[in-house]
Structure formats: structure tokens, C-alpha cells
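Residues 11 to 985 (this note's numbering) make up the sequence shown, in order. Think of the CB as a built atom: it goes at the ideal place given N, C-alpha and C, for glycine as much as any other residue. These figures come from a predicted structure and were not determined experimentally. Each remark here refers to the structure printed beneath this line.
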Amino acid sequence: MSLAKALNNARQAGKGLQGLHLKYLEAYAEQASTPSLNDAVLFLDLLRQGRSTLHSKAPGTLKRYEAECLRHEGYIKFRSQFVEGHEFDQPSSTMLVRIYSNLRRMNLHSDAEKLWPRVYSFATAGPMPRVDLLRIWATCPPAELPKLDATLGKALGNADSLTSWQLLSALSRSGALPPRSATLKACLDHLWKMVKEFQANPEDIAKMLARLHLASKSEGAGIEPEILDKIKKELVATSPTLDVDSLCSLLPVIESSDETLWVFVRDQLLQKKRMPLQNSLDVLEFLNRVPGKKGAQKLRLFVEVNLEMKLSKAAQSDPSDVARISRHLHVVASSGKICQGLLNTAINMRKDLYPVVLWLLFMRTGEAGLAQKHPELLVKFDRVGEILESHGIPEGRMSMMEMLKSVRAMRQNQVKMPKCVEQIVQHFLRILQQAQEHVGGHLAAEASQEASGLGAAMGKPLLDNAGEDEAVQDESLEAQRLGAAAKKPPLDDAREGQPEETADEETADQGLEVQQDQDASDTKSDPSTVKRKDLLAEVQHLVLLLWAELEQQALENSELSAAARDVCEPERCKLDVRRIAECLVELSALETASILCEKLHATFLESLPALAGSELLELTAKVSFDVQAAAMAVQELDKRVMEDRLSVSDSADVDYLIQCASNLKRAARAERAGDVEVVQEQMIKVCKLLLEHMPEKPEKVQEVMSVVCAALADLGLEEPIFNSMLYKGLRVLARNPEPCDGMVELLFSLAGLHGGKLPFNMLAYAWVLATHCAAEVKSAESCAKLWALALAARHLSSKTAWTNLRLAPNAAALDRSVFPPKDSKLPAFGLEGNRQTQELQDHLRLALASALPAQLSEEQLQVPGTPFVVDFGFERLCLGIVVPRAAHKTSGNKLTGHARLMEATLKAMGWRVLWAWPDELAGLCQETPDDSVVAALRSAIEEGKSISAARRAAGVGQEVEQSAEPMEEASDSDG
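In C-alpha cells form, the structure reads like this:
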């Protein structure tokens, strides 16, 4: 019996049954002779169709499908005959290409790689049917695309016409095309011709436009924006009625200025009576990405109501819907009704689907912070927690990283699940023991069998993705195990909606989804790469992160604590420097982790000299929340600078330094006064590096200067050594001013850095930039900052300097800030409060009434003619009393640059600022206020002294020690 007949019999016998691919494999194994090429191609076609059936019904079985194929006698026989054998010695490009593309689509990449040299030879040796070229193009690895680009581009360019599906197939790899792609140019020419001659239907044009837009974002794509704009206009001009999928495919194409296309898409979406779930999520994703579009709120409401109605139908709840929304939770997190409907739907699902879908939802709600955004949902989280606790951790269905994220979600969702926590801890300890016994730090070739067993115990995602980011590891739990919940491929089948032509014209784009999986996992699935994974290091890393998370939740486990201490011992620690950095950031916030941090710091310090320059810069940014580790990294940077061994060569290196400066600024807020001095020293070195390696592009100059000025001003650091570098940056910005809120923030921070007293050479350029911003910037906050800058220039500069500034072009744009009308109230800086400041204000109010009974004060007074606000203002005395917020103070009782700007400006205008430091007025907060503090307050007001100086002058004790715990920036909001 021929193979074709045997395969047909197997198909008829197993129709509608699972495991049909096994019957095809058995049919091949029973063949006594080598099948014909046609039969071999038919065999792979049917085998791939069997895979597609499994994918549509239960994607979790794909891995098993691949393993069953590779182990089966039938496939082994096929491989020996057609992959490793000589059956392709006779020229047959079409058959070879079909076998190659089928192997790629089935994720059997190692066998496909063996055929690649022959496939590539056929493709470049001479004319090949266009459909075969497209098959190769759609399924070959991304690294091979540049080699094929010229060949396919020539074939498409020489064609008189192309069908829509051929264009869509050629554009299926638009995100990975080489610079100046010949294929892309040919596609663009054909598309423009089709648009002008009305040869393609609007749905296809919309999809091709989306793919061209994606390609245009690649560096060196060579696509003129004008061409895309013409296609957009032609599409809108024909006013076609598009389906929802086509409309949503246009969303990524809409830029902030594309009002015509936006109105076209918006109006049609609003007319749809029903919108599928994935399309609804796509629309919300777009509205979040491009806010402020006209009519966007109406469309958002329409989509959200559609989602609410879908989720309210509990009887029709689909676990795949829950999983899909969970993966896009950030786009619906602001809607309490949708989140409540999602949790209700999840709670009402079939019980046998809880372990994966509900755990996924639980993790994502924690990451999105729903418990904090919608406290009314806490009761729902308790119910979800009860269900998950009753089921426990699904054995073999979660990786260690996913378990760690689940524990984090327990804290974020305020749910206690002791049974699950204990299961996770025991799993971690068991895997750690196995890794120590069988891996020994590195996965040797001869230990691969043991390692595969260990990987299964750890959870497949960890072994496949060790060292990868968490987003990739999420995909293991979702796409591999959640079935229909997997996100729809961004590029759908190129021939969707097209009539069937012939078997040979089966588009290469059909295998795109499989190819996209391959593109993301080629390197991870390579056995030699997996063998080089430092598996023990990853296990130790996750054990430490789990211990830190449980410590945050006050869930002590003696076994895990002992394991964490053991991991940190230098002779046992296998962590690389990146993993150490991540652990230190988590551990540094825990008082109970000081011993572990001390040991890790020693290992961390030893590892720094071996790092390359870019690696060291990236690492410095990562550890900047840990003061000690950051000091070590910055010291290594400083050493290399002195030895001329550090090269900040590209924008990524500059970005690392920017991130480092931002993180150090936040770290200073959370540290004790003694540690802040260490942070300040590090900040100066990092800012010096940033300014010395400032890029030439104006937008990057603005970003660097904004970060440096804001960081130094926030820490109250005035470094004259930076003035020449800041002056150079201002000159670059003044050549091509770009008015925006970011520029205003830069100028305000620059003024704050100098306490309002800018050197004239810098003030002149800052004034030019401010005049451009005054005409363009409208936000209240930016207007207040421009006003503060103008007042500082007027009152803190010499008369000569001020006269010169008034003669500058466009100076009149700032007149309203310099000379505000008396009857107008311009924007002001608000004084946000917290419980601590509010309590001190309450006691201060009573104390002022006692100390100055004859004086009237106004609370939250905006000082006349300025944007500055004080807590208590005495206009008769020209006095303002301010309880310092985080924006006003650094370590101890030292003022930030912005506070010094306010103080100096008001002083020049005849007002005095009295800072009511909490430690100096602590006596007011007692049950019986301290009379000596009230007397000192009166003396400070009447005699123009600080409160501490007034207390010393009165001989009332010694000055209170500076508080070791300054007000936290994070608490500067009610609640």
C-alpha cells in the first residue's frame, strides 16, 4: 500500500479523534520502501494539520506533540530518508521547500536547519517559483533574512502584479527586515499601485499598512513618511466599511497627528454592535498609549461597557477570556467595574480550571496593584485566595519564578495562604538540594540527562528561560497551558478571507505564528545553550528572592532561612554579579538581612573588576538603591575614569547613568542622614560622568541636564565645577529651542540648583529658553515654575543683568510672570500634606494663637506677587511659616535647591520664611505643649531668628539633634 493511501485510511479512521498525528506516524513507519517525494510532503502536511488541531483545542499538548514526533519510529525513519539521506540529490526545489517550511512550522527546527544549506542554494542559484520563495521567507530564521532579501526583492520587483496575499506574506517579516530592504521597497511600490488602481480590498490595505508602519520603525528602513500618509488618505477617502479586525490593525498606525485616520477608525468602531474581547483590549491599549484624542473618552466608555456586559454573563464565562484579560490587565486596571466583573467571572469558573487560570489572574492583579486602586475588591481577593488555598500549588504546572510571583501577589493582594506558601518553600528547598547534588553550578554535557530531570522538577519555563526577563517566563504559564487564552497573533493569516486557489499556492504566511515562536526561542531551545545555563546560580537567586519576600510578609521559615544563609557563604555562592545585584536591591530594605548583605557585598566587590564598561554602567544603575553596593560600583567607575579605562560610547551607556542618577535620588529619600552623605558623594561622581559624556543631540542634552539639575537640586548640592558643562548644554538647547513642559522643568531645576542666583552667562541662555516656553506651555505647574524663574531673575540679579534680559527678543512673553496684574491669581505651588505634617500644623496653629495673639495669620497663603505658598502667612509682618515637606529638605534640616530658591526670592521681595522643622517643634506635639517652645517660636518671629537659634539664645537646653529619619517622599500624599 502506498504511503498516500495509508495516510488517507488513517485520516478516515481517526477523524475527530485526538492523537491523529500518531496514526500518521505509524502509517509512515509501516512503509517497507522509501516513499515518493510527493507522499513525503503529504505526510508532513497532514502531520502539521494534526498539530494545528491540537493547538486549537489544547495548546498545552504542543510540547508533548513535538516530543512524540521526535521519538516515534515513523518520524525517525522519515528523518533518515529525507533529512539526513540523499533523497534530494535530484533537483526538486518545490518539494524541498515544502518539507523545510513544514518542519519550521512544527517547531522541529533542528531538522530544518540541516536542510537549510540546500534550501538556500536553491533559492539563490536561479529562478525559483515566487510561492516557494515566499514559503522560505516566512519560515526561515531572522538571521537569514538579509541573505534572502535581495533575491525576494528582485523577484517581487520584476513581477507585473502581485496578489494581496503575496504582499501580505512578503510583509509578514516586516519587523525584522534589513536596512534599505529590497523586499520592502518592492512591496511598497506594488501596494501604492494597487491603492491607486483599486486592485485590493480595503481590509487587505489596512493590514498591509499596519505591517509597513511596523517596518518603518526599523532603523534604516528607508520608508518615506509621505508615502504612508498618501496610503492613509486614499484609504480614508474611499470611506470603506471595515471589519473590527481591520480597524484594530490600523490602531498602531495612528500617530498623534493623524486626526483624519483616527476619526475614521473611531466612528466605525462606535458603530459596531459587538466587539470581540481581543479587539476591545487592543482599543484600550491604544487609548492608553495615545491619550487625549478627540472623542477618545466616548470610545473608551463604549468599549468598557462592552467588556462589563461580557463579564457580567457569568453563565457564559470562558476561562480563556479571564486569562486573556489577565495578560492585559494594565489596560483595564483603572475600571473598578471591569475588575470586579473579572474577579466574579474567575470565581464562578469550573473548578478543574482553577489551578492555572486563577493563579495567572492572581499574579497579574498583584502586579497591577488592584488591591490598592480598588480597596472594595479586597473581599473578592479573599475569596480567590480561599479557592487557591484549597487547591494548593498545581504540581509541575508552575515554574519557580511563577511561584515567587505568586507569593509576591499574596502581599500585594493582602491575602494570606499559609498552605501554598509552605508548598512553595518545600519545592524551592527540594530543587535547591537537587541542583547542588546533580548540577554543581554548571550543566556539563555528560550531566544532561540528570539536568533534564531537574528541569522538569523546577518547572520547564525556568530551564528554558533561566536568566531571561519575567515577561518571557510569563508566556510559559500562559501560552503553553491556557489554551485559547493565548493572545491572537499580531499578524493574522495573509490569506484570511481569500478564496482557496491550489495546494501549491498555500501561503507562506500560514506558518507565521509558529515562526514567531521560533524567532523568540531559537537560542533558548538550542541544547548547547541550555547546557551552559548556570542552573544552580538561578536556583540560589530565586531562593534568596523568596526569602526576602517572606521576610517582608513576616512569614518566617527556619529551613528557608538556613538555606539563604548557606547560599550567601562565599564558598557556596554561585551567583553571578547580576543576580547578586538583584538580590542586594531586595535585601537592602530588610533589617534582618544585614548579615546576608555583608556576605554578598564581599562577593559583589570581587566581581566588579572583571566587568566590561557597559556592563559596569548597567550594573551601577541596577544597584543604586543599595547604598553600599552602589558605592562600590561608583568607586570602580571612578577608578576606571582616573585610569582612562572607561568608555561611555553609546546612548545605552548614557541611559544607564541617567537611570543611576534617578535611582540615587530616590534612594537618598529613604536612607538615614549618615547614608545620605554617601549617596551625595556618589551622585556628584555620576553627574560628572553624565555631563562629561553628554551626547550632541539636543533632545538627549535636555534629558541629561534635566536629570543632573533635578538630582543635585533635590539633594541640596551646589557644585560650581559643573557650571561650565551646564553652560555648554544650555548653548546647544538655545540654538534650536523646543518649548515643552520638560524644558520648563529643566530651567526650574537649574534655578533651584543655584538657589535662584544663576551666573549671568547661564541666566542669559535660560532666559532665551524661558521666553520661548512662555508662549507655548500652558499647564498650571509649568506656568508657576516659569513665574518662579522670572522672579528670581528680576530680584536676585544685578540691575545691569536685569536690563540686558529685558532687551532680549521675546522678553515680553514673560511680562505677565514678571509684572503680574494685581487682580489676577496666577498658578501656585501647592503644599501637599501627610498625617505627620497635618498633625504639626494643627499644633502650630494653636501655638501661634498663643504666641502672637494680636497678629492675624492666613493659612495656605499664596505670597502676593509670587507662586509660592506658605502654611501660615502674616502679611503685616511679611512672614511666612512653612512646615518642610520632602520637596524642601534633604538630610537633617538642610534645604533643597528649590527651597533655597523660594527663600532667597521671597527675602529679596521683603518676605521672610521661617521653617518649622518637626524636631525643633516636637514639644508642641505633647499632650501639654512645652511653654519654652512656644516662647522660642515667638522670639524667632519677632527677632528674625530661626527657632533653634531662638531656643539657644533663651538658654532652653541644647539644640535638638537632627532627626535620623527625615520625612519620606512617598508619604507626601494623604492616605
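At the level of alpha carbons, what is the spacing between residue 924 and residue 909?
Residue 924 sits at position 914 when you count from the first residue of the sequence shown. Residue 909 sits at position 899 when you count from the first residue of the sequence shown. Distance between the alpha carbons of residue 924 and residue 909 is about 12 Å.
When 746, 752, 799, 748 are compared against residue 763, the one with the closest alpha-carbon:
On the sequence shown, residue 763 is found 753 positions in, with the first residue counted as 1. Distance from the Cα of residue 763 is smallest, within the candidate group 746, 752, 799, 748, for 799.
Determine the direct distance from the alpha carbon of residue 433 to that of residue 323, and round the result to whole angstroms.
Working through the sequence shown from its first residue, we reach residue 323 at position 313. Working through the sequence shown from its first residue, we reach residue 433 at position 423. So the alpha carbons of these two residues sit roughly 35 Å apart.
Extent of the continuous beta strand (DSSP E) to which residue 389 belongs
Taking the first residue of the sequence shown as 1, we reach residue 389 at position 379. For residue 389, there is no enclosing beta strand (DSSP E); the residue is part of the alpha helix (DSSP H) that begins and ends at 388–401.
Hey, quick one: how far does the beta strand (DSSP E) through residue 891 stretch, first residue to last?
Position 881 of the sequence shown, counting from 1, holds the residue named residue 891. 889–892 is the span of the beta strand (DSSP E), which, as asked, contains residue 891.
Cα-Cα, which of 253, 753, 301 is closest to residue 283?
Residue 283 sits at position 273 when you count from the first residue of the sequence shown. Comparing Cα-Cα distances from residue 283 to each of 253, 753, 301, the minimum goes to 253.
I'd like to confirm the pairing. Which residues does DSSP put opposite residue 883 in its beta bridges?
To locate residue 883, count along the sequence shown from 1; it is residue 873. Under DSSP, the beta-bridge partners assigned to residue 883 are 868, 890.
Can you tell me which of 122, 31, 547 puts its alpha carbon nearest to the alpha carbon of residue 62?
Locating residue 62 in the sequence shown gives position 52, where the first residue counts as 1. Cα-wise, what sits closest to residue 62 is 31.
Pair within 8 Å by beta-carbon distance, residue 642 and residue 618:
What you label residue 642 is simply residue 632 of the sequence shown in a count that begins at 1. What you label residue 618 is simply residue 608 of the sequence shown in a count that begins at 1. In this structure, residue 618 lies closer than 8 Å to residue 642 by Cβ.
Note the first and the last residue of the continuous alpha helix (DSSP H) segment covering residue 21.
Position 11 of the sequence shown holds residue 21. In this chain, the alpha helix (DSSP H) harbouring residue 21 covers 13–23.
Closest residue to residue 174 among 628, 213, 737 (Cα-Cα distance):
Stepping through the sequence shown from its first residue, residue 174 is reached at position 164. Relative to residue 174, the option among 628, 213, 737 whose CA is nearest is 213.
Residue 208 classed as buried or exposed, judged by whether at least 16 other C-beta atoms fall within 10 angstroms:
Position 198 of the sequence shown, counted from the first residue, corresponds to residue 208. By the neighbour-count rule (16 or more Cβ atoms within 10 Å), residue 208 is not buried but exposed.
Find the nearest neighbour of residue 265 within the set 287, 296, 281, judged by alpha-carbon distance.
In the sequence shown, residue 265 corresponds to position 255, counting from 1. Nearest C-alpha to residue 265: 296.
Would you check if there are 3 or more beta carbon pairs closer than 8 Å linking the region 805–823 to the region 838–855?
At 8 Å Cβ cutoff, the stretches do not touch.
Under 8 Å: do the region 225–237 and the region 245–260 share three or more Cβ pairs, one atom per stretch?
Three or more Cβ pairs closer than 8 Å define a contact, and the region 225–237 falls short of that threshold against the region 245–260.
What does DSSP give as the partner residues of residue 925 in its beta bridges?
Start at 1 with the first residue of the sequence shown, and residue 925 comes out as number 915. Partner(s): 892.
Spatial neighbours of residue 595 within its chain, please: CB distance less than 6 Å, with the 5 preceding and 5 following residues excluded, ordered by chain position.
Walking along the sequence shown from the start, residue 595 turns up at place 585. If we look at residue 595 and ignore the five residues flanking it on each side, its Cβ neighbours are 635, 636.
For residue 485, count neighbouring C-beta atoms within 10 Å of its own C-beta (all shown protein chains included) and say buried if the count is 16 or more, exposed if not.
As a first step, residue 485 is located in the sequence shown; it is residue number 475 there, counting from the start. With a pLDDT of only 31 at residue 485, under the threshold of 50, the placement of this residue in the model should not be trusted; the figure read from the coordinates follows. Residue 485 comes out buried.
In three-state terms, what does DSSP make of residue 353?
Counting from one through the sequence shown, the residue named residue 353 turns up at place 343. Correct three-state label for residue 353: helix.
8 Å CB neighbourhood of residue 755 in its chain, flanking five on each side removed
Reading the sequence shown from its first residue, position 745 is the one you call residue 755. Excluding its 5 nearest sequence neighbours in each direction, residue 755 has C-beta neighbours in its own chain below 8 Å: 716, 720, 792, 795, listed in chain order.
Starting from the Cα of residue 578, find the closest Cα among 565, 597, 563, 564 and give me that residue.
For the purposes of this step, residue 578 is taken as residue 568 along the sequence shown, with counting starting at 1. When each option's Cα is compared against that of residue 578, the closest is 597.
Check: residue 309 C-beta below 7 Å from any heavy atom of the ligand GTP
Among the components modelled here there is no ligand, and therefore nothing to report on the ligand GTP.
Among 140, 557, 943, nearest to residue 179 - alpha-carbon criterion:
Numbered from its first residue, the sequence shown carries residue 179 at position 169. Nearest of 140, 557, 943 to residue 179, Cα basis: 140.
Could you check how far apart the C-beta atoms of residue 907 and residue 671 are, in whole angstroms? I think they sit under 8 Å.
Working through the sequence shown from its first residue, we reach residue 907 at position 897. Working through the sequence shown from its first residue, we reach residue 671 at position 661. Between residue 671 and residue 907 the Cβ distance is about 15 Å, and since that is not below 8 Å, they are no contact.
Alpha carbon of residue 319 to alpha carbon of residue 312, nearest angstrom:
To locate residue 319, count along the sequence shown from 1; it is residue 309. To locate residue 312, count along the sequence shown from 1; it is residue 302. Whole-angstrom Cα-Cα distance: 11 Å.
Report the rounded CA-to-CA distance for residue 194 versus residue 700, giving the unit in angstroms.
Taking the first residue of the sequence shown as position 1, residue 194 is located at position 184. Taking the first residue of the sequence shown as position 1, residue 700 is located at position 690. Cα to Cα, the separation comes out at about 39 Å.
Per-residue DSSP class, three states only, for residue 725
Working through the sequence shown from its first residue, we reach residue 725 at position 715. Looking at residue 725 - three-state DSSP - the assignment turns out to be coil, as it is neither helix nor strand.
Could you tell me the distance, in whole angstroms, from the CA atom of residue 108 to the CA atom of residue 274?
Looking up residue 108 in the sequence shown gives position 98. Looking up residue 274 in the sequence shown gives position 264. Taken atom to atom, the span from the alpha-carbon of residue 108 to that of residue 274 is near 41 Å.
Is the beta carbon of residue 351 closer than 8 Å to that of residue 422?
Within the sequence shown, residue 422 is the residue found at index 412, counting from 1. Within the sequence shown, residue 351 is the residue found at index 341, counting from 1. The answer is no: Cβ separation not under 8 Å.
Does the count of Cβ pairs from the region 882–894 and the region 862–873 closer than 8 Å reach three?
As far as the Cβ criterion goes, the region 882–894 touches the region 862–873, which means the pair count is three or higher.
Please state whether the Cβ-Cβ distance between residue 662 and residue 624 is less than 8 Å.
Position 652 of the sequence shown, counting from 1, holds the residue named residue 662. Position 614 of the sequence shown, counting from 1, holds the residue named residue 624. Going by beta carbons, residue 662 and residue 624 fall inside the 8 Å limit.
For residue 650, which residues from the same chain have a beta carbon less than 6 Å from its beta carbon, with the 5 sequence-adjacent residues on both sides left out?
Counting from one through the sequence shown, the residue named residue 650 turns up at place 640. Cβ-Cβ distances below 6 Å link residue 650 to 656 in the same chain, with the five nearest sequence neighbours on each side left out; the list follows chain order.
With a threshold of 16 other CB atoms inside 10 Å of the CB of residue 652, please say whether the residue is buried or exposed.
Here the question's residue 652 lines up with position 642 in the sequence shown. Counting Cβ neighbours within 10 Å, residue 652 comes out exposed, since fewer than 16 surround it.
Whose CA, out of 196, 760, 726, 728, lies closest to the CA of residue 737?
By one-based count along the sequence shown, residue 737 stands at place 727. Per the C-alpha coordinates, the member of 196, 760, 726, 728 positioned closest to residue 737 is 760.
I need the boundaries of the alpha helix (DSSP H) containing residue 853, first residue and last residue.
Start at 1 with the first residue of the sequence shown, and residue 853 comes out as number 843. 845–861 is the extent of the alpha helix (DSSP H) around residue 853.
If distances are taken between C-alpha atoms only, which option among 668, 103, 819 comes closest to residue 631?
For this step, residue 631 is matched to residue 621 along the sequence shown. If we check each option's Cα against that of residue 631, 668 comes out closest.
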